[in-house]
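Everything on this sheet refers to the single structure shown next.
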Amino acid sequence: MNLNITCIPGDGIGPEIVREAKKVLDKVAEKFGHHITYTDILMGGASIDVHGVPLTEEAIATAKAADAVLMGSIGGDTSTSPWYKLAPNLRPEAGLLALRKALNLFANLRPAVLYDELAGACPLKEEISKAGFDMMIMRELTGGLYFGERKTVEENGVRKAIDTLTYDENEIRRIAIKGFDIAMKRKKKVTSVDKANVLDSSRLWRAVVNEVAKDYPEVTLEHMLVDNCAMQLVKDPAQFDVILTENMFGDILSDEASMVTGSIGMLASASLNDTKFGLYEPSHGSAPDIAGKDIANPIATVLSASMMLRYSFDLDKEADAIDQAVKKVLQDGYRTGDIMSEGCKQVGCTEMGDLLAERI
Ligand code: IPM
Ligand code: MG
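The numbering used here numbers the first residue of the sequence shown as 14 and each following residue consecutively.
Structure (structure tokens):
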């Protein structure tokens, strides 16, 4: 099979972790007889430095022409980087938001899994973590507060900022359908998270999710208020299978869920539209403090490449080979600094990539 992949190395540790993910993908291609073409584009700070904007029309066109996009990370230190002196629409993150919108990537999948081998890194009490957990956060990604009208005005000498939270039923329905579809392939439970005790957008969310649920009689649906969900994630994470939620709540809850795994350097994500196309990136950020030191953990990016093979190319065997290689490397006792524990062998980013590629 020919795989036409656009890569966005991006900023901070992005270039190193994407390089290692490509190493692993190349090994998969060699072993399973595929041919991969990579085309790099600039986004975020890397694009600002060259073009003065975080994403160019050409870069969007290149991404659109690909089968899938593999991304590292974008952005820098918000208090020291000159990128954050620019107008908000010219900062690194604006590039990512523009790409999500341009590619209509409305469904964001963020798995949060407690790896047996890394259970010791889980910050929860053992009586809670011993039940394990494996959840999928389904976050709506192209609507809500992120894309509503916003402005800052001054009225009678008082500065006032306005952000708008809008959802129409079609936006809610399409992410709900994806959520239920994914639940059917998992433990068949959906927890829809909203703030229906306060927000109209949440009341519509709940109504539409209830309608969609009628087509999935095998799936158990529950509704949970977002503040309660934030508590439940640390109190009893094992209760969750698919968490279905809007953009802003999903941003916050997915960081919380990844933190309770204790190993954010291990967590992949996929952003999908209505076709097979998707953008795949680690759940963590660009970690500018450790960039270029060859100590970053490439596993989340490698697992994102695995999600890419599975969701965009239907290459399940190949994706399994990557997931198995990750498990094997952990069982063999290799760790990057972020997941290091006593008795294990600490390795850098490049070496971790080599060890993974060897195990394909
Ligand atoms: C994420 C990030 C982005 C978001 C930022 C970088 C704009 O936090 O992917 O979760 O808020 O969506
Ligand atoms: Mg976030």
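Quick reminder that beta carbons are idealized off the backbone N, C-alpha and C, glycines included.
Using alpha carbons as the reference points, say which of E70, S267, A196 lies closest to E235.
Locating residue 235 in the sequence shown gives position 222, counting from the first residue. Residue A196 is the option with its Cα nearest to E235.
Does at least one heavy atom of ligand 2 sit under 7 Å from the Cβ of D62?
Position 49 of the sequence shown holds residue 62. No, ligand 2 has no heavy atom inside 7 Å of this Cβ.
Buried or exposed: which applies to G89, given that a residue is buried once 16 or more other Cβ atoms fall within 10 Å of its Cβ?
Taking the first residue of the sequence shown as position 1, residue 89 is located at position 76. Looking at its Cβ environment, which holds 16 or more other Cβ atoms inside 10 Å, G89 is buried.
Using CA atoms only, rank isn't needed, just tell me which of D176, I190, S142 is closest to E182.
Within the sequence shown, residue 182 is the residue found at index 169, counting from 1. Taking only the C-alpha atoms, the option nearest E182 is I190.
If you run the structure through DSSP and keep just helix, strand and coil, what is N310?
If you number the sequence shown from 1, residue 310 lands on position 297. Reduced to three states, the DSSP call for N310 is coil.
Could you work out which residue in N286, G305, I312 is closest to S296 when comparing CA atoms only?
To locate residue 296, count along the sequence shown from 1; it is residue 283. Among N286, G305, I312, the Cα nearest to that of S296 belongs to I312.
CB of D90 to nearest heavy atom of ligand 1: below 7 Å?
On the sequence shown, residue 90 is found 77 positions in, with the first residue counted as 1. Answer for D90: no, Cβ out of range of ligand 1.
Are the CB atoms of G108 and M151 within a distance shorter than 8 Å?
Residue 151 sits at position 138 when you count from the first residue of the sequence shown. Residue 108 sits at position 95 when you count from the first residue of the sequence shown. Result no, Cβ atoms of M151 and G108 do not sit closer than 8 Å.
Counting along the chain, where does the beta strand (DSSP E) carrying R163 start and finish?
One-based indexing of the sequence shown puts residue 163 at position 150. Unbroken beta strand (DSSP E) run through R163: 163-168.
How many whole angstroms separate the CB atoms of G361 and I308, which I take to be in contact at a CB cut-off of 8 Å?
The residue labelled residue 361 in the question sits at position 348 within the sequence shown. The residue labelled residue 308 in the question sits at position 295 within the sequence shown. At roughly 5 Å, the Cβ-Cβ gap stays under 8 Å, so G361 and I308 are in contact.
Can you give me the start and stop residues for the alpha helix (DSSP H) that E355 sits inside?
For the purposes of this step, residue 355 is identified with residue 342 of the sequence shown, where counting begins at 1. Looking at the DSSP string, E355 is not in any alpha helix (DSSP H), and its letter there is neither H nor E.
Can you give me the Cβ contacts of R186 inside the same chain, cut-off strictly under 8 Å, excluding the 5 residues immediately before and after it?
Indexing the sequence shown from 1 puts residue 186 at position 173. Closer than 8 Å at the Cβ level, and outside the excluded window around R186, lie V221, E224, V225.
Hey, is D264 close to ligand 2, as in C-beta under 7 Å from one of its heavy atoms?
For the purposes of this step, residue 264 is taken as the residue at position 251 of the sequence shown. Flag set: Cβ of D264 near ligand 2.
Skipping 5 residues on each side, what residues in its chain have a beta carbon closer than 6 Å to that of G133?
Counted from its first residue, the sequence shown places residue 133 at position 120. Closer than 6 Å at Cβ, skipping near neighbours: S354.
Are the Cβ atoms of I61 and T75 separated by less than 8 Å?
As a first step, residue 61 is located in the sequence shown; it is residue number 48 there, counting from the start. As a first step, residue 75 is located in the sequence shown; it is residue number 62 there, counting from the start. Not a contact, by the Cβ cut-off of 8 Å.
Please report how far the alpha carbon of L103 lies from the alpha carbon of T69, in whole angstroms.
What you label residue 103 is simply residue 90 of the sequence shown in a count that begins at 1. What you label residue 69 is simply residue 56 of the sequence shown in a count that begins at 1. Computed Cα separation, rounded: 11 Å.
Which residue comes first and which comes last in the beta strand (DSSP E) that contains P295?
Working through the sequence shown from its first residue, we reach residue 295 at position 282. That run of the beta strand (DSSP E) goes 291-295.
Keeping to the same chain, check which residues put their C-beta closer than 6 Å to that of Y293; ignore five residues upstream and five downstream.
As a position in the sequence shown, residue 293 is number 280, starting the count at 1. Closer than 6 Å at the Cβ level, and outside the excluded window around Y293, lie L83, A283, S317, M320, M321.
In whole angstroms, give me the CA-to-CA distance for A174 and G157.
Here residue 174 refers to the residue found at position 161 when the sequence shown is read from its first residue. Here residue 157 refers to the residue found at position 144 when the sequence shown is read from its first residue. Going from the Cα of A174 to the Cα of G157 covers about 16 Å.
Can you look up C242 in the DSSP assignment and give me helix, strand or coil?
Along the sequence shown, read from residue 1 onward, the residue named residue 242 stands at position 229. Here C242 sits in helix by DSSP.
Go through its chain and collect everything with a Cβ distance to V31's Cβ below 8 Å, but skip five positions before and after it.
The residue labelled residue 31 in the question sits at position 18 within the sequence shown. Hits under 8 Å: C20, I21, P22, G23, L83, M84, G85, T314.
Would you say D24 touches ligand 2, meaning its beta carbon is less than 7 Å from a heavy atom?
As a first step, residue 24 must be located in the sequence shown, where it is residue number 11. No, ligand 2 has no heavy atom inside 7 Å of this Cβ.
Give the straight-line distance between the Cα atoms of E231 and V255, rounded to the nearest whole angstrom.
Looking up residue 231 in the sequence shown gives position 218. Looking up residue 255 in the sequence shown gives position 242. In a straight line, the C-alpha of E231 is about 14 Å away from that of V255.
Following a CB-centred definition, is D268 positioned closer than 7 Å to any heavy atom of ligand 2?
Start at 1 with the first residue of the sequence shown, and residue 268 comes out as number 255. Correct: D268 has its Cβ closer than 7 Å to ligand 2.
Considering only their Cβ atoms, is the gap separating P301 from G25 smaller than 8 Å?
As a position in the sequence shown, residue 25 is number 12, starting the count at 1. As a position in the sequence shown, residue 301 is number 288, starting the count at 1. When the beta-carbon positions are compared, G25 and P301 come within less than 8 Å of each other.
Is S271 helix, strand or coil by DSSP?
Numbered from its first residue, the sequence shown carries residue 271 at position 258. Residue state, collapsed to three classes: helix.
In this structure, does DSSP put L16 in helix, strand or coil?
The residue you call residue 16 lines up with position 3 of the sequence shown. Residue state, collapsed to three classes: strand.
If you run the structure through DSSP and keep just helix, strand and coil, what is Y159?
Here residue 159 refers to the residue found at position 146 when the sequence shown is read from its first residue. If DSSP states are grouped into helix, strand and coil, Y159 belongs with the helices.
Short check: CB of A370 to CB of V37, under 8 Å?
Taking the sequence shown and counting its residues from 1, one reaches residue 370 at position 357. Taking the sequence shown and counting its residues from 1, one reaches residue 37 at position 24. Taking 8 Å as the Cβ cut-off, A370 and V37 qualify as a contacting pair.
How many Å lie between K198 and M149 at the Cα?
Counting from one through the sequence shown, the residue named residue 198 turns up at place 185. Counting from one through the sequence shown, the residue named residue 149 turns up at place 136. Near 11 Å, if we compare the C-alpha coordinates of M149 and K198.
Look up G377 in the DSSP assignment and say whether it is helix, strand or coil.
Residue coverage of the chain in this structure runs from 14 to 373, which leaves residue 377 outside it and unanswerable.
How long is the line joining the alpha carbons of P101 and D268, rounded to whole angstroms?
For this step, residue 101 is matched to residue 88 along the sequence shown. For this step, residue 268 is matched to residue 255 along the sequence shown. Each residue's Cα considered, the two are about 22 Å apart.
If distances are taken between C-alpha atoms only, which option among M365, G346, C242 comes closest to E130?
Stepping through the sequence shown from its first residue, residue 130 is reached at position 117. Restricting attention to M365, G346, C242, the CA atom closest to the CA of E130 is found in G346.
Measuring straight from C-alpha to C-alpha, what distance separates Y229 and K201?
Position 216 of the sequence shown, counted from the start, is the residue given in the question as residue 229. Position 188 of the sequence shown, counted from the start, is the residue given in the question as residue 201. The straight-line gap from Cα to Cα measures roughly 9 Å.
In the stretch 173-245, which residue ranges form an unbroken beta strand (DSSP E) of at least 3 residues, counting only runs that do not cross its ends?
202-207, 233-238
Along the chain, where does the alpha helix (DSSP H) that runs through L368 open and close?
The residue given as residue 368 occupies position 355 in the sequence shown. L368 -> alpha helix (DSSP H) spans 362-371.
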